[in-house]
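S.K.: Per the numbering used here, the sequence shown starts with residue 915, numbered consecutively.
For each residue, glycine too, the CB sits at the ideal point set by N, CA and C.
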Amino acid sequence: MLANVSETAQEEADLRRGHKYDLHYTSPPAADLTDLDLFTKGQPFGAFAKMREAAPVCWHDEEEGAGFWALTKYQDIRAVELDTKTFSSQKGGILMNYGHADARHPLLHRASLDAMINLDQPYHFPLRREHMPFFTPAYVANLRERVDAKVTALLDAMEAKARDTGGPIDMVESFSAELPLFTLCEILGVAEADRPKLIKWMHYLEVSADTMRKGEAIDPQFFGAFVENVLEMFEYGKTVLKARRADPKPDLLSAIANAEVDGELLSDEMLDGSWLLIVFAGNDTTRNSLSGTMKLLTEFPEEKQKLIEDPSRISNMVHEAIRMVSPVIYMRRTATQDAEINGQKIAEGEKVVMYYGAANRDPCVFAEPDRFDIARTNAKEHLAFGLGPHVCLGQRVANMQLEAAYRQILARFPDIEWTGNIDIAPNNFVHAISRLDVDPGPKT
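1) Sort F1194, L1095 and E1264 by Cα distance to T1000 and report the nearest one.
2) With 16 other CB atoms within 10 Å as the buried threshold, where does T986 fall?
3) If we count Cβ pairs, one from each stretch, closer than 8 Å, do we get three or more for the region 964-971 versus the region 1205-1216?
4) Can you tell me whether DSSP reads K911 as helix, strand or coil?
5) Kindly indicate which three-state DSSP category R966 falls into: helix, strand or coil?
6) Does DSSP classify H1345 as helix, strand or coil?
7) Alpha carbon to alpha carbon, what distance is there between F959 and D951?
8) So what does DSSP say about V1141, is it helix, strand or coil?
9) Sort out for me which residues DSSP pairs F982 with in a bridge.
10) Helix, strand or coil for A1091 per DSSP?
11) If you run the structure through DSSP and keep just helix, strand and coil, what is E1183?
12) Verify whether the separation of the beta carbon atoms of I1101 and L1297 is less than 8 Å.
13) Beta-carbon separation of P1328 and I1222 under 8 Å?
14) Quick check on this structure: which residue in A1261, Y1244, M1245 and G1257 has the alpha carbon closest to the alpha carbon of Q1251?
15) Does DSSP put T1200 in a helix, in a strand, or in coil?
16) Just to confirm, are S1168 and I1347 a CB contact at a threshold of 8 Å?
17) If I follow the unbroken alpha helix (DSSP H) through G1271, where does it start and stop?
18) First and last residue of the alpha helix (DSSP H) that includes D1070?
19) Measure the Cβ-Cβ separation of L1338 and F953 and say whether it is below 8 Å.
20) If you compare alpha carbons, which of K1111, A1139 and E1106 is closest to S1122?
21) Assuming I1336 is part of the alpha helix (DSSP H), what are its boundary residues?
22) Output yes or no for whether 8 Å exceeds the beta carbon distance between A1325 and D1062.
23) Compare the C-beta of T986 against all C-beta atoms of chain D and say whether one is closer than 8 Å.
24) Note the first and the last residue of the continuous beta strand (DSSP E) segment covering R1043.
25) Can you check DSSP and say which residues form a bridge with D1084?
26) Nearest CA to the CA of L1307: which residue from Y1037, D1078, L1191 and G1151?
27) Taking just the CA atoms, how far does E1142 sit from E1183?
28) Can you tell me which residues form a DSSP beta bridge with G956?
29) Which value, in whole angstroms, describes the spacing of the CA atoms of D1028 and E1282?
30) Between H1045 and A1272, what straight-line distance do the alpha-carbon atoms span, to the nearest angstrom?
31) Determine the burial state of A1171: buried for a count of at least 16 other Cβ atoms within 10 Å of its Cβ, exposed for fewer.
32) Can you tell me whether F1001 is helix, strand or coil according to DSSP?
33) Could you check whether the region 1088-1103 touches the region 1154-1169, counting it as contact only if at least three pairs of C-beta atoms, one from each stretch, sit closer than 8 Å?
34) Over the uninterrupted beta strand (DSSP E) stretch that includes M1245, give me the two end residues.
35) For M1245, I'd like the list of residues in its chain whose CB is within less than 7 Å of its CB, leaving aside the five on either flank, ordered along the chain.
36) Could you tell me which residues DSSP pairs with E1216 in its beta bridges?
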């Protein structure tokens, strides 16, 4: 089995005592980017702008960990994404440390380290290669008809609910959470009867992750149910993947089950990692992009009207909306050797955290970056999906879902708008919109 590189207590202590190099940043961070409550108000784009101007490579202390370099400029983040030899995903992982190590669920933690997103070469590409056929333009185009039909069904249900209640509808519950999960299950080949299980597992994973990030005690009753669901989730994954290994089908689960690294099938541990990545990351970002786009269309009604008048502009709008929403807030890398970013020396072993929302509003790349402009000519150059070997495999699927959704939404509900009521989870990794109330407008 692949052995993962973890940080020892001694390494953490050595880093805390001081840096190998002098620090050259000109000011402290403009906000505490480890403060989860800060992100319940949305991403701190104002703070990102100040950091980008005063200290684009800025040292940031953290309570649980040795600290990190916060990157806020587009070109710096692009450079780190492309230099996987110097900046590792595997050494230390892509996420910040939350809570004490003994509070982590051992199976979840171990599986997360074995997920493709946390691997470097030579392990990363063989796994990624097995996924690729299910994200090609031809495959996504073939998937579109099923997605269109699901969008229609969800909007029918939303319309009926609005008619019955006479009040606003929570778009997250009624639409944004449903469509990506449906699409993911279609790609995976998950049986219709089993799909509600994924919704349940997602709930327990999200609540437990938020609780750990906040450092709160877990309710004993919830903890018992959480442990049961984690075991059920991994047991289901093992069962279905082993079944696909014995009897492959034309779906992503079969591709993962039969993937090889160095001529050998994946170990049970690596299968657990792949399964966890699918369940947790397979639909979260699209869900938040769907909801975030509705918020943008309400805040910029003139852009919405342009789309209603000319639906052919929806394709480019999707790229611009994803740039503005930037659903994944950050990814972390670890320096494998002494390096330099934008004049700042980085010592081997130090962490760098790339803030995609900051990069996507860098005025050096995007003119008037805080303006939602559906005609923006370089909207596709956003970094919301990352770049390089770890660029998001599902970006075509995400774009397709947003386009399919908003073609129908704006045609059926041209007066739909966000009511102003929104809940955002305390999460500084994903811009997690947990509720977004919308008024569909007069019946059409």
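M.R.: On the basis of the data shown:
1) On the sequence shown, position 86 is the one that residue 1000 refers to. Closest by alpha carbon: E1264.
2) The residue you call residue 986 lines up with position 72 of the sequence shown. Under this definition T986 is a buried residue.
3) no
4) Examination of residue 911 is not possible in this model, given that the chain is present from 915 through 1358 alone.
5) Reading the sequence shown from its first residue, position 52 is the one you call residue 966. In this structure, R966 counts as helix in the three-state DSSP scheme.
6) In the sequence shown, residue 1345 corresponds to position 431, counting from 1. Residue state, collapsed to three classes: coil.
7) Residue numbering aside, residue 951 sits at position 37 when the sequence shown is read from its first letter. Residue numbering aside, residue 959 sits at position 45 when the sequence shown is read from its first letter. Each residue's Cα considered, the two are about 15 Å apart.
8) Against the sequence shown, residue 1141 aligns to sequence position 227. Note: V1141 maps to helix in three-state DSSP.
9) Your numbering for residue 982 matches position 68 in the sequence shown. For F982, which the question treats as bridged, DSSP gives the partners H974.
10) Translated into positions along the sequence shown, residue 1091 becomes position 177. The answer is coil: DSSP assigns A1091 none of H, G, I, E or B.
11) What you label residue 1183 is simply residue 269 of the sequence shown in a count that begins at 1. In this structure, E1183 counts as helix in the three-state DSSP scheme.
12) Against the sequence shown, residue 1101 aligns to sequence position 187. Against the sequence shown, residue 1297 aligns to sequence position 383. No, the Cβ-Cβ distance between I1101 and L1297 is not below 8 Å.
13) Counting from 1 along the sequence shown, the entry for residue 1328 is found at position 414. Counting from 1 along the sequence shown, the entry for residue 1222 is found at position 308. A contact, by the Cβ cut-off of 8 Å.
14) The residue given as residue 1251 occupies position 337 in the sequence shown. Closest option to Q1251, Cα to Cα, is A1261.
15) The residue labelled residue 1200 in the question sits at position 286 within the sequence shown. T1200 falls in the helix class under three-state DSSP.
16) For the purposes of this step, residue 1168 is taken as residue 254 along the sequence shown, with counting starting at 1. For the purposes of this step, residue 1347 is taken as residue 433 along the sequence shown, with counting starting at 1. Going by C-beta atoms, S1168 is not nearer than 8 Å to I1347.
17) Here residue 1271 refers to the residue found at position 357 of the sequence shown. Unbroken alpha helix (DSSP H) run through G1271: Y1270 to A1273.
18) Here residue 1070 is taken as the residue at index 156 of the sequence shown, counted from 1. Here the alpha helix (DSSP H) through D1070 covers P1051 to T1079.
19) As a first step, residue 1338 is located in the sequence shown; it is residue number 424 there, counting from the start. As a first step, residue 953 is located in the sequence shown; it is residue number 39 there, counting from the start. It should be pointed out that residue 1338 corresponds to Ile in this sequence rather than to Leu. Yes.
20) As a working mapping, residue 1122 is identified with position 208 in the sequence shown. Answer by Cα proximity: A1139.
21) Indexing the sequence shown from 1 puts residue 1336 at position 422. Where I1336 is concerned, there is no enclosing alpha helix (DSSP H), although the beta strand (DSSP E) it sits in stretches over E1331 to I1338.
22) Position 411 of the sequence shown, counting from 1, holds the residue named residue 1325. Position 148 of the sequence shown, counting from 1, holds the residue named residue 1062. Cβ atoms of A1325 and D1062: not closer than 8 Å.
23) Given the protein chain composition of this structure (a single chain), no chain D is represented.
24) If you number the sequence shown from 1, residue 1043 lands on position 129. Looking at the DSSP string, R1043 is not in any beta strand (DSSP E); the run it does join, the alpha helix (DSSP H), is H1038 to H1045.
25) Here residue 1084 refers to the residue found at position 170 when the sequence shown is read from its first residue. Its beta-bridge partners are D1351.
26) The residue you call residue 1307 lines up with position 393 of the sequence shown. For L1307, the nearest C-alpha among the options comes from L1191.
27) Position 269 of the sequence shown, counted from the first residue, corresponds to residue 1183. Position 228 of the sequence shown, counted from the first residue, corresponds to residue 1142. Approximately 19 Å between the Cα atoms of the pair.
28) Reading the sequence shown from its first residue, position 42 is the one you call residue 956. Beta-bridge pairing links G956 to T954.
29) For the purposes of this step, residue 1028 is taken as the residue at position 114 of the sequence shown. For the purposes of this step, residue 1282 is taken as the residue at position 368 of the sequence shown. Rounded to whole angstroms, D1028 to E1282 spans 40 Å at the Cα level.
30) To locate residue 1045, count along the sequence shown from 1; it is residue 131. To locate residue 1272, count along the sequence shown from 1; it is residue 358. Spanning the two alpha carbons is a distance of roughly 29 Å.
31) One-based indexing of the sequence shown puts residue 1171 at position 257. With 16 or more other Cβ atoms within 10 Å, it is buried.
32) The residue given as residue 1001 occupies position 87 in the sequence shown. The answer is strand: DSSP assigns F1001 an E or B state.
33) yes
34) On the sequence shown, position 331 is the one that residue 1245 refers to. Unbroken beta strand (DSSP E) run through M1245: Y1244 to A1249.
35) For this step, residue 1245 is matched to residue 331 along the sequence shown. If we look at M1245 and ignore the five residues flanking it on each side, its Cβ neighbours are I1008, M1268 and G1300.
36) Within the sequence shown, residue 1216 is the residue found at index 302, counting from 1. DSSP output for E1216 lists no bridge partner at all.
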